[in-house]
Amino acid sequence: MLNLLMFKSFYIFLIVALFALSLVSCSGTNKKPIIKFSKDSASIVIKNLDKASLLKVRDAFAVNADSNQLVTVLIKPGEQDSLQDEILVNGKTNLIGDSIVFKPDLPFVKGKDYVVESLIGVEFATVEKIILGQVKQSLQPQRQTLKR
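If you read the sequence shown in my numbering, its first letter stands for residue 10, the second for the next number, and so on.
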C-alpha cells in the first residue's frame, strides 16, 4: 500500500515537472531566424535574430568582417542538370542593423533554386529535446531553399 502511494506521488511529481519544463522551454525567445531574398532579389537577408545570436555575430564582425563564414549559399542543381553537385555562391556578408545580408559577387539567376545554410541561432539542445531523446551528435545548420 505504501509503495502504491509513493508511486502515485512520484508519478504526479513527474507530470508536474514535465509540464513546468515544457512551459520554460516554450518561451518565445528562441525563434528561428527568417531567411529570404531582399525585395529586389539582389541579396539574401537573415533577420529575426535573437539577442544572443546578434551579439555573437557582432563580435565576429568586430574581429574580422572579411573572413566570416556566417552564411553559405549554394546553387541547387536542377532536374535537367548533368552535374548533381551544389555550387558555392561567392559573395560578401554584411551586418546591417539587426540583419545579416549576403550579397553575391554575381547576380542571382532568375528561375534557379538557392540553398542557404547558417548556424546562426541554431540551438545545440533544449530541455525538451533532451527529455524526448531528440539530441543529435552535432549541430545541424538551418537550411532553407529559396527560389529566385
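We put the CB at the ideal spot given by N, CA and C, even for glycine.
In the structure shown, F117 adopts coil according to DSSP, grouped into three states. In the three-state reduction of the DSSP assignment, N103 falls in the strand class. In this structure, the beta-carbon distance from A71 to K112 does not fall below 9 Å.
If you check the CB distance, V54 and S62 do not come in under 9 Å. Boundaries of the alpha helix (DSSP H) around V66: 60-73. Counting C-beta atoms within 10 angstroms of its own C-beta, V82 has 16 or more neighbours from the protein chains shown and is therefore classed as buried. Between the alpha carbons of F117 and G87 lies a gap of roughly 15 Å.
Distance between L155 and N103, taken at the CA atoms: about 19 Å. Under DSSP, V82 forms a beta bridge with V125. Cα atoms of V66 and E95: separation of roughly 26 Å, rounded to the nearest angstrom. Nearest to I129 by alpha-carbon distance, out of V110, V98, K121, D122, is V110.
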